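Undergrad:
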Amino acid sequence: MKTNHVGNVCRIATSAVLLLSAAAPARGQAQPGTDIFLFAVSGSESAPRLSTPRRVTDRSGYDNQPSFTPDHAGLLYTSIRDDGQADTYRYDIATGGISRVTSTAESEYSPTAMPGGVSFSAVRVEMDSTQRLWRFDLDGGNPTLILERVAPVGYHAWMDRNRVALFVLGAPPTLQMADVRTGQTAVLSRDVGRSLHKVPNRSAVSFLQRFADGPWIVERDLESGVARVLTRPAGQNEFFAWTLDGSILMGEGSVLFRWRDGGQGWVRMADLGHFGVTEISRVAVSGDGRWVAVVTARAEVER
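The sequence shown maps to residues 8 to 310 in this note's numbering.
This is the structure we're talking about:
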């Protein structure tokens with residue numbers, strides 16, 4: 008089965024395409040209630056452990072899409088408050104303080120540290136509902152459009168200073184690689200999931216690929232174009248994250264699972280239910296490997 012899938016995804020054509028804009032989600036669209044928990048990582052590489060968590064957010068509303076700052080000292084995330092706008096907030100790990108980073112007429116999603124350590128990127132829903140990738144200083148200042156012609160962007164992940172992987176909305180959604188120097192893009196795959204990541208210490212992008220028999224996590228070498236099927240997801244969740252040692256973390260329900268290449272498949276790492284983590288969606292790992300952030304649906308029924 009794996010051999011057939013590898014044949015399907017290896018050496019996918021990478022001809023550049025000019026993207027056409029498509030309808031973006033409606034501004035102010037209701038989002039589910041979610042919260043973010045932060046865990047310190049201890050133990051050994053073969054048997055990592057998670058600490059008692061800090062609850063980064065605890066309110067009725069959307070707090071989601073965590074991403075660590077370049078210095079690993081903070082957590083950027085998307086928060087939708089009473090005004091219905093999605094803005095970027097920052098959680099300071101040392102102090103526990105929360106500060107607002109962006110406060111704009113537009114909405115910003117998926118804040119992500121950029122290579123170089125002095126800025127972050129985010130998907131901005133502009134006033135006409137166009138979704139494009141923008142750059143911001145770490146304090147939220149100097150917003151600059153990165154890719155003028157590429158829309159509608161849903162999610163992204165930086166490969167290096169010049170290349171960024173994009174989840175571009177459409178039917179089906181596509182994985183595209185953009186060169187920010189030229190603005191050119193290439194379609195790498197179609198019918199992909201929303202979770203895109205650089206593979207640690209390698210020039211490769213990882214993503215969830217949907218096949219006829221269901222989804223698989225795939226990595227694609229950016230130099231050779233060769234793709235390799237890694238594993239099925241841990242459950243129904245499509246979001247995953249890499250650790251420094253090359254493991255993948257995914258959540259299903261209240262349980263965090265870990266997968267290692269050549270290992271025994273998905274292994275239960277921790278059940279976080281007794282901390283109030285009931286339905287894990289996104290997971291983020293700090294660049295130094297010391298912290299794991301987990302997004303969960305709020306336990307109470309919101310009215």
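The C-beta atom is built at its ideal place from N, Cα and C for all residues, glycine as well.
Remember, it's a predicted structure, so these values are computed and weren't measured experimentally.
Please classify H6: does DSSP put it in a helix, a strand, or coil?
TA: Outside the modelled stretch of the chain, which goes from 8 to 310, sits residue 6, for which no answer is possible.
Undergrad: Which of helix, strand or coil does DSSP assign to A31?
TA: On the sequence shown, residue 31 is found 24 positions in, with the first residue counted as 1. Reliability of the predicted coordinates at A31 is poor, the pLDDT of 35 falling under 50, and the value obtained from them is presented with this limitation in mind. Looking at A31 - three-state DSSP - the assignment turns out to be coil, as it is neither helix nor strand.
Undergrad: Using three-state DSSP, classify W223 as helix, strand or coil.
TA: Here residue 223 is taken as the residue at index 216 of the sequence shown, counted from 1. The answer is strand: DSSP assigns W223 an E or B state.
Undergrad: Using the beta-carbon count (16 or more within 10 Å), is N71 buried or exposed?
TA: Translated into positions along the sequence shown, residue 71 becomes position 64. Buried, by the Cβ-count rule.
Undergrad: Identify every residue that forms a DSSP beta bridge with L45.
TA: Position 38 of the sequence shown, counted from the start, is the residue given in the question as residue 45. According to DSSP, which records beta bridges pairwise, L45 is partnered with R61, A300.
Undergrad: Which ranges would you report for the beta strand (DSSP E) in the segment 232–260 if only whole runs of at least 3 residues count?
TA: 234–238, 247–249, 255–259
Undergrad: Could you tell me which of S110, T64, Y162 sits nearest to L203, measuring between CA atoms?
TA: For the purposes of this step, residue 203 is taken as residue 196 along the sequence shown, with counting starting at 1. Answer by Cα proximity: Y162.
Undergrad: Leaving out the 5 sequence neighbours to the left and right, which residues in its chain are closer than 6 Å to S213 when beta-carbon positions are compared?
TA: As a working mapping, residue 213 is identified with position 206 in the sequence shown. Result list for S213: H204, V206, E226, in chain order.
Undergrad: Would you give the residue range spanned by the beta strand (DSSP E) that S136 belongs to?
TA: On the sequence shown, residue 136 is found 129 positions in, with the first residue counted as 1. Premise fails: S136 is in no beta strand (DSSP E) and is neither H nor E.
Undergrad: Give the secondary structure of S213 by DSSP, where H, G and I count as helix, E and B as strand, and everything else as coil.
TA: For the purposes of this step, residue 213 is taken as the residue at position 206 of the sequence shown. Here S213 sits in strand by DSSP.
Undergrad: So for M121, helix, strand or coil by DSSP?
TA: By one-based count along the sequence shown, residue 121 stands at place 114. Reduced to three states, the DSSP call for M121 is coil.
Undergrad: Excluding the 5 residues preceding and the 5 following W141 in the sequence, name in chain order all residues of the same chain whose CB lies nearer than 7 Å to its CB.
TA: Taking the sequence shown and counting its residues from 1, the one referred to as residue 141 is at position 134. Result list for W141: S128, A129, R131, P150, T151, L152, I153, in chain order.
Undergrad: Within 10 angstroms of its Cβ, does A178 collect 16 or more other Cβ (buried), or is it exposed?
TA: The residue given as residue 178 occupies position 171 in the sequence shown. Burial call: exposed.
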